[in-house]
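46 is the number of the first residue of the sequence shown in our numbering; add one for each residue after it. The structure under discussion appears below in the form of structure tokens.
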Amino acid sequence: MVTDLDVTIAERLAAAGQRYTFNRQSLVHVLCDAGKPLALTEVLTADPSLAQSSAYRNLVVLEEAGIVERVTATDEFARYELAEDLTGHHHHLLCSGCGAVDDFTLPARVEQTMEAALKTASRKSGFQPSHHRLDLVGLCTNCA
């Protein structure tokens, strides 16, 4: 079944001179269903039909097209998730023990206060932000 998300992604890929292949669609659906950033090994576990080299190459294409974002944790593995403009604004909890990454959102009031503070800081330095991301680093419940 083709969803609005699939249509949007197909359009972005076409604009980048790429096609929305079956493997790319599989990657997008794995990331969409996960609800959190996944390491390549987790992507392959979720869909064993994907070949590792193909999955990695396709993640690079999806990242270059602005469909996937790379989240760098505290371990050697990057994680991947759908771009925030496709899924909604959120932040990350990064475990410095095992490298796990989870998403979290802030209450709207806190987000507005933080956005105002970031605009003030940006204005003072002449910086022109496009968006913000908050990574909270610490230990997950398994590592604590």
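Don't be surprised by glycine CBs; every beta carbon is placed ideally from N, CA and C.
Exposure label - Ala-145; buried when at least 16 CB within 10 Å: buried
Length-filtered (4 minimum) alpha helix (DSSP H) runs lying within the segment 51-131: 67-79, 85-91 and 97-109
Contact check, Glu-129 vs Ala-61, beta carbons under 8 Å: no
When Cys-143, Glu-114 and Glu-121 are compared against His-136, the one with the closest alpha-carbon: Glu-114
Cross-strand partners of Val-146 (DSSP beta bridge): Leu-139
Rounded Cβ spacing between Val-139 and Ala-118 (contact assumed at less than 8 Å): Looking at the sequence shown, residue 139 is not Val but Leu. Right, the Cβ-Cβ distance comes to about 5 Å (below 8 Å), so this counts as a contact.
Rounded separation between Glu-87 and Thr-66 - CA only: 21 Å
Cut-off 8 Å between Cβ atoms - residues of its own chain near Glu-160, not counting five sequence neighbours on either side: His-177
Bridge partners - Leu-181, DSSP secondary structure assignment: Leu-138
Ala-100 burial status per 10 Å Cβ neighbour count (16 or more: buried): buried
Reduced DSSP secondary structure (H/G/I, E/B, other) of Ser-175: coil
Same chain, Cβ closer than 7 Å to Asn-187, neighbours up to 5 away in sequence not counted: Cys-143
Through-space distance from Asp-92 to Thr-132, alpha-carbon basis: 21 Å
Integer-rounded CB distance, given that Leu-83 should sit under 8 Å from Leu-76: 6 Å
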